[in-house]
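If you use the numbering used here, the sequence shown corresponds to residues 1 to 291, in order.
Don't be surprised by glycine CBs; every beta carbon is placed ideally from N, CA and C.
For clarity, every value in this text was computed on a predicted model and none was experimentally measured.
Take a look at the structure below.
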Amino acid sequence: MSPQDSQPQDSQPQPTPATGEEDARLTEQDGILTLTIDRQHKRNAISAQVTELLWKAVDLLADRDDLRCLVITGVGPYFTAGMDLSQPVGNRPGNPETQHVHPGWNLRRDYRSHHLLYDELESVEKPIIIAANGTCLGAGVEMAVSCDFRFCTPQAEFGVPEVHIGIIAGSGGTSRLTRLVGPAWGKWMAMAGKRVGAEQAKQIGLVHEVFPAETFMDDVYAFCRELTTIPAEVLGVAKLTIDMYADVQDRTVQRHIDRLATTSLSYSPDFLNRAARFGFKPRYAVPSWER
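What follows is the structure, given as structure tokens:
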């Protein structure tokens with residue numbers, strides 16, 4: 001029985017109408033959208049169908065104001081074992097538009113498509129949460145480090161084993177991972193191909209919290225419900241500015257970003273109404289378009 005199977009069902013998002021997906025499914029409840037990978041016979045390896053559904057989930061999250069966050073999780077002992085290498089990659093047989101193109105071009109195109117997806121996970125102005133129910137490898141780590149919050153069970157392990165088959169994790173498993181955990185642990189995982197367990201992953205900053213398997217998804221959704229109480233505009237601005245700080249090292253520029261972000265929020269109805277409860281009164285006139 002997976003951790004999800006043992007959870008009380010009243011706190012879990014309920015299925016939306018069936019869409020015909022077999023490898024994964026989308027559910028939603030109370031503004032929380034959940035993508036669940038369910039390919040246990042393949043250790044939840046990421047198929048083309050899973051990738052397409054992830055694109056759909058990100059588009060829904062970006063386009064619908066009623067959706068406040070996205071949770072990505074799996075079923076069984078694996079969150080995901082990474083990309084499904086049994087599926088064609090690069091030059092696809094039978095495709096007349098690409099069969100005569102150099103395979104290297106096709107590989108770069110495929111990598112670019114993964115880069116665009118993970119870039120979108122990183123840039124969409126809403127929280128995306130990884131709920132690693134079990135082992136997370138390869139492209140699963142690349143997906144995870146593109147997201148905002150990461151949780152796992154005590155049984156989870158994380159690794160980027162691509163070096164063992166003669167390649168590097170080229171869709172963020174090297175660059176984003178290193179930015180997140182630093183060069184030392186980046187080399188440990190992406191260069192030496194070593195795995196880290198749940199508690200070690202928390203210590204190095206790869207995951208935010210390790211929740212008990214028995215209450216795992218309940219704990220994840222409790223965190224998500226906390227997020228939904230924060231104004232959406234604040235979450236979006238915070239996500240954008242924090243990511244900017246990681247890319248901009250100049251402290252003067254960082255302070256400019258602070259001031260611009262704060263200015264945009266200081267006249268928002270959310271801030272004015274909430275701050276008024278504590279006796280706050282604006283020092284400057286509120287623009288009429290914000291009243």
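Please go through the same chain and pick out, in chain order, the residues whose beta-carbon is closer than 7 angstroms to the beta-carbon of P161, but skip the five residues on each side of it.
-> Annotation for P161: L137, G138 and G193 place their beta carbon closer than 7 angstroms to its own, counting only its chain and skipping 5 residues before and after.
Between the Cα of D119 and those of M143, I130 and N133, spot the shortest distance and give me the residue it belongs to.
-> M143
Of the listed residues D219, S175, V234 and R68, nearest to N133 (C-alpha basis) = It is D219.
Helix, strand or coil at C147 according to DSSP, with G and I counted as helix | coil
Between the Cα of A24 and the Cα atoms of G197, R150 and N44, which residue gives the shortest distance?
-> N44
Helix, strand or coil at L177 according to DSSP, with G and I counted as helix = helix
Using the DSSP secondary-structure output, state which residues sit across from Q29 in a beta bridge.
-> I32
Assign L168 to buried or exposed, taking buried as 16 or more other Cβ atoms, counted over all protein chains shown, within 10 Å of its Cβ.
-> Here residue 168 turns out to be Ile, not Leu, going by the sequence shown. Answer is exposed; the Cβ neighbour count stays below 16.
Name the residue from D38, P127, F158 and G74 whose alpha carbon lies nearest to the alpha carbon of E199.
-> F158
Identify, in the order they occur along the chain, each residue of the same chain with its Cβ nearer than 8 angstroms to the Cβ of P154, setting aside the five sequence neighbours on each side.
-> A198, E199, V210, P212 and A213
T80 beta carbon less than 7 angstroms from that of T36 | no
Cα-Cα separation between G236 and K126, rounded to whole angstroms = 6 angstroms
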